[in-house]
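The structure appears right after this line, and notes come after that.
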Amino acid sequence: MTKILRDEDLIGSALMGVAIDALEIAFLAGAGNRLVSPPRHHVSFPDRGDLVFTVGGILGDKPLAGFRVYETFGGTEHSQIVAVWSADDARLKGIVLGERLGNLRTGAIGGLAIRHLSAPDARIIGILGSGAQARTQLAAAAAVRKLDCARVYSRDEKNRAAFATEMQHALGLDVEPVRSVREAVDDADIVICATTSQTPVVHARDVKPGVHVNTVGPKTLQGYELGLDVADTAAVIATDSPEQAHAYASPFFLAGSGNEDRLADLADIIAGKAAGRGSLGETTLFCSVGLAGTEVVVASAILDRLGLSA
1 MTKILRDEDL
11 IGSALMGVAI
21 DALEIAFLAG
31 AGNRLVSPPR
41 HHVSFPDRGD
51 LVFTVGGILG
61 DKPLAGFRVY
71 ETFGGTEHSQ
81 IVAVWSADDA
91 RLKGIVLGER
101 LGNLRTGAIG
111 GLAIRHLSAP
121 DARIIGILGS
131 GAQARTQLAA
141 AAAVRKLDCA
151 RVYSRDEKNR
161 AAFATEMQHA
171 LGLDVEPVRS
181 VREAVDDADI
191 VICATTSQTP
201 VVHARDVKPG
211 VHVNTVGPKT
221 LQGYELGLDV
231 ADTAAVIATD
241 SPEQAHAYAS
251 PFFLAGSGNE
261 DRLADLADII
271 AGKAAGRGSL
281 GETTLFCSVG
291 LAGTEVVVAS
301 AILDRLGLSA
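If you're matching positions, the sequence shown starts at 1 in UniProt numbering and goes up one per residue.
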């Protein structure tokens, strides 16, 4: 019988560490040309939205293959489907339904960037945004760095207060809601920008030298959440998928800025093929665009961890 997981099965901070470690293997596979990860594919349903497909997997001794599909239709409830096969024997390992796996995967990629690009002694983190992505990014940061405190700002006072209470309880970390962007990022070693803003909410003048920044929200010339001057000051600019960054319908937000050719593949940094942080005083930037196929790797690792592989 095929094993099926739902959102309620993916609760627990331990799974973030499982996801990050699985993605480390996947990114190393990518650097060795053993990761199958084409850009996502959209199928449009006029006046309704899209079905969006990501297909991929990993090659090697234990090859995996699978897909994720999600929709952009109107409505209050949205869901996703991830299916995982063992590619050497056609065994369907399992299926994951719901939204949490995608958020967990994105957070874990952010955690991987923090592991390899932030200062090893990073202790203070500032978060802009208080939604699902901000939650998983903070959980991932806490999984790879010994944080002392977090400060969160979002436009809605109730939302940021709820975020602080929930994440403090979940992570055992001091999380403080603050009243401005400046308060959130001032003196922070790590900054998570996970907003829905179409205009920049943080600039280079707001952050200290040596900071590591993850941007998770809008990143095309139609709208972007991060000031271009942050990229100007960054010694390293990385992304999880250069191919996806160049496949947006609207150009990537760095296009024309003089920084687009500096965009490194995080996989190459992890594998030592490209330079990462060179000193504690260097600013580093990670632009999360979503590496297709990695949901399959994370789903497989979670199915194995829970002892549910078919």
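Glycine included, each C-beta is placed from N, C-alpha and C at the ideal position.
Item	Value
Cα-Cα separation between I4 and I109, rounded to whole angstroms	24 Å
Touch test, the stretch 268-275 against the stretch 213-233, Cβ-Cβ under 8 Å, three pairs minimum	no
Same chain, Cβ closer than 6 Å to A247, neighbours up to 5 away in sequence not counted	P39
contact_flag[the stretch 12-29, the stretch 93-111] where n(CB pairs < 8 Å) is 3 or more	yes
First through last residue of the beta strand (DSSP E) which encompasses L177	Note on identity: in this sequence residue 177 is Pro, with Leu being the wrong assignment. First-last of the beta strand (DSSP E) with P177: D174 to P177.
Host beta strand (DSSP E) of Q198 (start-end)	Premise fails: Q198 is in no beta strand (DSSP E) and is neither H nor E.
Nearest residue (CA-CA) to residue 316, options G131, D121 and Q137	Because the chain spans 1 through 310 in this model, residue 316 falls outside it and cannot be assessed.
C-alpha gap between V185 and V202, whole angstroms	9 Å
Boundaries of the alpha helix (DSSP H) in which L228 is found, first to last residue	L228 to T233
Straight-line gap, V144 to A113 (C-alpha atoms, nearest Å)	10 Å
Rounded C-alpha distance that separates R155 from L15	30 Å
Of the residues N159, L128 and A140, the one placed nearest S180, counting alpha carbons only	L128
Paired residues, beta bridge with H41 - DSSP	F53
The alpha helix (DSSP H) enclosing R151, as first and last residue numbers	Careful: R151 lies outside any alpha helix (DSSP H), inside the beta strand (DSSP E) at C149 to Y153.
Runs of beta strand (DSSP E) wholly within the stretch 63-113 (minimum 3 residues, chain order)	64-71, 80-86 and 91-97
Where the beta strand (DSSP E) containing L128 begins and where it ends	I124 to L128
Closest by C-alpha distance to D88, when choosing among V289, P251, G57 and L101	G57
Stretch pair the stretch 230-250 + the stretch 280-295: three plus CB contacts closer than 8 Å	yes
Residue of I11, T165, E157 and E8 minimising C-alpha distance to V178	E157
Own chain, CB closer than 6 Å to S197, minus 5 neighbours either side, in chain order	E225
Entirely enclosed beta strand (DSSP E) segments - the stretch 224-301, minimum 3 residues	236-239, 263-265 and 284-287
H212 - DSSP class collapsed to helix/strand/coil	strand
Of the residues L51, D61 and P46, the one placed nearest A26, counting alpha carbons only	D61
Burial state of S79, where buried means 16 or more other Cβ atoms lie within 10 Å	exposed
Residues of its chain near A31, where Cβ-Cβ distance is below 8 Å and the 5 sequence neighbours each way are ignored	D265, A267, D268, I270, A271 and K273
Classification of N214 by the beta-carbon crowding that lies within 10 angstroms, buried from 16 upward	buried
Spatial neighbours of R262 in its chain, beta-carbon cut-off 6 Å, leaving aside the 5 residues before and after	I237
Option nearest G256 by Cα separation, candidates D229, T239, I124 and Y153	D229
Nearest neighbour of G210, chosen from T54, S118 and T199 [CA to CA]	S118
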